[in-house]
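Structure first, then comments.
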Amino acid sequence: MASYLKLNTVLEGPRNDLFKPPGWSPEWFSSWRSYILSLLSDDVIIVPNDKSYDFPKLNLHMRHVLEILAACIKLPPSEHVFDELIKEHIKGIAEACSMDLENTDKLLKNFQIFLCEFTKRHEYTLHSCIESIVLNNDSTSLFRGSLDHLLFGKIVGDALGLHPVFGAMLNPTGGICGPDNSNIFLRALGKIPMMRRHSIVHDASGYLRLYHGVGPGYLYFKTGEIRGRGVPTNGHEHAWQYPWTDMKMLVCWQAGELKDMCRTSSLPELITFFIILSVVILLIIMF
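Per our numbering, residue 38 is the first one in the sequence shown, and the count goes up by one each step.
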C-alpha cells in the first residue's frame, strides 16, 4: 500500500490528464481504467500486517484538524486557521505517515492548497443547492484515516494536487457504501470486496464532479454520456461489471482484509456483514 499511496511523500501538482479528459476519448478511458484498477488492486487494498502508517495517530490528528476547520469555517483561513495549533497537528500527520523533514515541510505547504480548495468549496455550497459536508462527525471515527478513506483521498488528492490525507479530510464519509455514514445494512454490504472498491471510486468521482467540477462523476466507467454524472444513484452497476468482481474473493478472505475490517467496523456491522456474506455464498452454491 505504501508504495502506491506514497503516504510518506508529498507529490506536486494534480493529475489533469485523468481528471480533465478531452472529450472522453478511448485513450483517456484506457488510462482512467488502468489508474482505478491499479489503485484498487489486491496488492493495495488487501494489506496483511500493514505497518506503513500509524493509524491511531493519524486518526487523532485528522480529527483535531477537522474540528478546528469546523469551528473556523466562517473565518478567513489564512488569518485564523493556519496557526501554531493546527501546524502541530499537521506535523503529527507527517509523523503518522513516517515523513522526513523535507516532506513534512512540503506537507505544511500542501495544507495551504487544501485550505484554498476547502474555502472555494465552502463558498460554492453557500451559493448553490449542493449540501455542505459535515466535518466533525463522531459516527465516522473508526473510518477516519482508514485504508478505504485514504484511497478515496488518493483519488481526490490526485485531482486537486493534495496529499491523500488532505483529500480524505475534504469528505470524512468518502468511501463508505451508501449516503453519508449510511445505515448498518449498507455499511455491512460495503465490506464485500467488489462493493468496497466501488464505494471508494464512486464516492471520489462523484464528489469531485459535484464539489470541484472535475472528473468523470458517478458514471465513472461509462463514456459518451453526460446526463446523470452528478446524480449519486447512478453508476452503481459498475460495481458488478469490472475485474474486481472475482466471486472467489467472497469466500477466500485474506488476513489483511479481515484485519482492516475489524479495525474500522463496529461489532453490529461485522455481524450484519457475515450474515449478508453467508446468504450470498449460499445463493452462489444453489445457483
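Even glycine gets a Cβ: it sits at the ideal position worked out from N, Cα and C.
Just so it is clear, the structure is predicted and the values come from calculations on it, not from any experiment.
Smallest Cα separation from Ile130: which of Asn96, Ile229, Gln149?
Asn96
Taking its Cβ as the centre, do 16 or more other Cβ atoms sit within 10 Å of Leu122, making it buried, or is it exposed?
exposed
Can you tell me whether Thr210 is helix, strand or coil according to DSSP?
coil
Which term fits Ile127, buried or exposed, when burial requires 16 or more other beta carbons within 10 angstroms of its beta carbon?
buried
Between the region 186–195 and the region 236–256, can you find at least three pairs of beta-carbon atoms closer than 8 Å?
yes
Pick helix, strand or coil for Met136, following the three-state DSSP scheme.
coil
Cβ of Pro51 within 8 Å of Cβ of Gly198?
yes
Is Asp142 helix, strand or coil by DSSP?
helix
So, using beta-carbon positions, are Pro209 and Leu103 closer together than 8 Å?
yes
Measure the CB-CB distance between Gly252 and Phe56 and report whether it falls below 8 Å.
yes
Please name the residue, chosen from Leu187, Arg233, Leu207, Phe258, that lies closest to Asp91 on a Cα-to-Cα basis.
Leu187
To the nearest angstrom, how far is the alpha carbon of Ile83 from that of Asn147?
28 Å
Distance CB(Ile170)-CB(Tyr161) smaller than 8 Å
no
Helix or strand or just coil, what does DSSP make of Phe148?
helix
Which residues in the same chain have their Cβ closer than 6 Å to the Cβ of Ala107, if we skip the five residues on either side of it in sequence?
Leu172, Asn173
Compute the Euclidean distance between the alpha carbons of Cys214 and Arg234, then round it to the nearest angstrom.
10 Å
When DSSP labels each residue in this structure, what does Arg181 get in the three-state scheme?
coil
Lys88 and Ala133 - do their beta-carbons sit closer together than 8 Å?
no
Are Asn45 and Asn140 touching if we call contact CB-CB under 8 Å?
yes
Can the beta-carbon of Arg100 be found less than 8 Å from the beta-carbon of Arg181?
yes
Gly243: first and last residue of the uninterrupted alpha helix (DSSP H) it sits in:
230–249
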